[in-house]
Amino acid sequence: MLLLLLCGALAVGGIFLLRLTVFKLPRCKSAAKLHGKTAVVTGANTGIGKTTAMDLARRGAKVILACRDRRRAEAAVQEIIQETGNQQVIFMQLDLASLQSVRSFADNFLKSEPRLDLLINNAGLISDGKTEDGFGMIFGVNHLGPFLLTMLLLDRLKASGPSRVVNVASQAYESGKVDFNYLTTHKELGLGNSNMQLLAKYCHSKLCNVLFTYELAKRLQGSDVTCYSLHPGFIKTEIARYYSLWFQLLFAPLVWLLAADADSGAQTSLHCALEPGIEHLSGHYFTQCAPLTTIDPKARDDATSRKLWELSQTFCGLS
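Residue numbers (the numbering used here): -12 to 306.
Okay, structure coming up:
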């Protein structure tokens, strides 16, 4: 029994040692100050988004927490103000599962805020169901809502340049695909609502994030706005909170042992938002605070990125 306990302790210790060395994520090294700058962070009441907002506020930015849950967002606002001493931290209602909510947020923001320097599309989920507009929930919240939000705020970003758009994607994009026939007819990324089918839809949505960033960069050439997508790492967040309990319990040990915390997960977002001299890398995909040079060709397919853009415009009523 003692030997088993000793082996268990050594195994756990070895895993934590790996997390502190081999699996340790690099940190954003930018010393940028953001006084006079304004940032919008979606999904900023928890996890990576909250940590990102905290860092931006600490640097002096005016930070808008764009969130669905008022109670949790207002609690996050108070925590960030208390931790940073920055009083310019504001909650604004945004439900990415409602295109009308996205439009209302953009309208309120443009009326109240004269500039926008950073738009960080951080919010994401893995959940069954439909959005208010009849789209698959994962497609609507992870791609379509952020797409519309970016489009509606783009002129303000251009007027405030140099400015940046940061789209939090995932390495899961590598397992994704975009079935335009199914998407057009069903307003959904794939069939089914089992845990594995939802995970597949999540992968598809993350490919959409990378393709959107790639196409956006092409359309922003000649402007003072740049954009980046990224993989935050294997991070302990609430993104799978809508999964079935048994599925969460099944993966809980893996998450507990190997997943990094939200502070580590925010570092590549912050790098893309703040690092000087990366403007020529607009449209690129980053991981571990660096651009990935060997990205899957499907994430750089011009025809696919253009078709996704045009279909997203149609879905949002922008075309």
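Glycine included, C-beta positions come from ideal geometry on N, C-alpha and C.
In the three-state DSSP reduction, Leu217 falls in the strand class (E or B). Under a 10 Å Cβ-count criterion, Gln254 is classified as buried, with 16 or more other Cβ atoms of the shown protein chains found around its own Cβ.
Residue pairing by DSSP leaves Arg45 without any beta bridge partner. In the three-state DSSP reduction, Gly123 falls in the strand class (E or B). Non-local C-beta neighbours of His22 in its own chain, meaning closer than 6 Å and more than five positions away in sequence, comprise Gly47, ordered along the chain. Counting other Cβ atoms within 10 Å of its Cβ, Phe167 stays below 16 and is therefore classed as exposed. As the crow flies, the alpha-carbon of Ala31 is around 16 Å from that of Asn73.
Per DSSP, Gln80 is one residue of the beta strand (DSSP E) stretching across 76 to 80. Judged by beta-carbon spacing, Val27 lies within the 7 Å limit of Ile51, meaning their Cβ atoms are closer than that value.
Around the Cβ of Arg151, a 10 Å sphere holds 16 or more other Cβ atoms; the residue is buried.
Residue pairing of Val152 in beta bridges, as defined by DSSP: Leu106, Cys214.
With 16 or more other CB atoms across the displayed protein chains lying within 10 angstroms of its CB, Ser192 is buried. Per the DSSP secondary-structure output, Pro278 pairs in a beta bridge with Phe273. The shortest C-alpha to C-alpha distance from Ser157 to any of Glu262, Gln275, Asp120, Phe78 is the one to Gln275. Nearest to Leu139 by C-alpha distance, out of Ala110, Lys164, Gly121, Asn95, is Asn95. Only residues of its own chain outside the window of five on either side were considered, and among them Ala26, Val28, Ala31, Val50, Leu52, Ala63, Ile67, Val76 have a CB closer than 8 Å to the CB of Ala40, listed in chain order. Assignment of beta-bridge partners to Ala19 by DSSP yields no partner.
Shown here for Pro263: same chain residues with a beta carbon closer than 8 Å to its own, the five before and five after excluded, namely Ser17, Ala19 in chain order. Judged by DSSP in its simplified three-state form, Ala53 adopts strand. In this structure, the straight-line span from the alpha carbon of Asn182 to that of Cys190 is close to 13 Å. Annotation for Ala146: the continuous alpha helix (DSSP H) segment containing it runs 132 to 146. Distance from the CA of Thr38 to the CA of Asp250, rounded to the nearest whole angstrom, comes to 6 Å.
Counting only the Cα atoms, Pro13 lies some 38 Å from Gln87.
Shown here for Lys24: same chain residues with a beta carbon closer than 8 Å to its own, the five before and five after excluded, namely Gly47, Ala48, Lys49, Arg102, Asp104, Leu105 in chain order. Taking 7 Å as the cut-off, the Cβ atoms of Pro149 and Asp211 count as close. A residue is called buried once 16 or more other Cβ atoms fall within 10 Å of its Cβ, and Lys205, having fewer, is exposed. One thing to note: Gly127 has its Cβ within 7 Å of the Cβ of Thr118.
By alpha-carbon distance to Pro219, the top candidate from Thr172, Gly177, Ala159 is Ala159. Scanning His258, Leu178, Cys195 for the CA closest to the CA of Val153 turns up His258.
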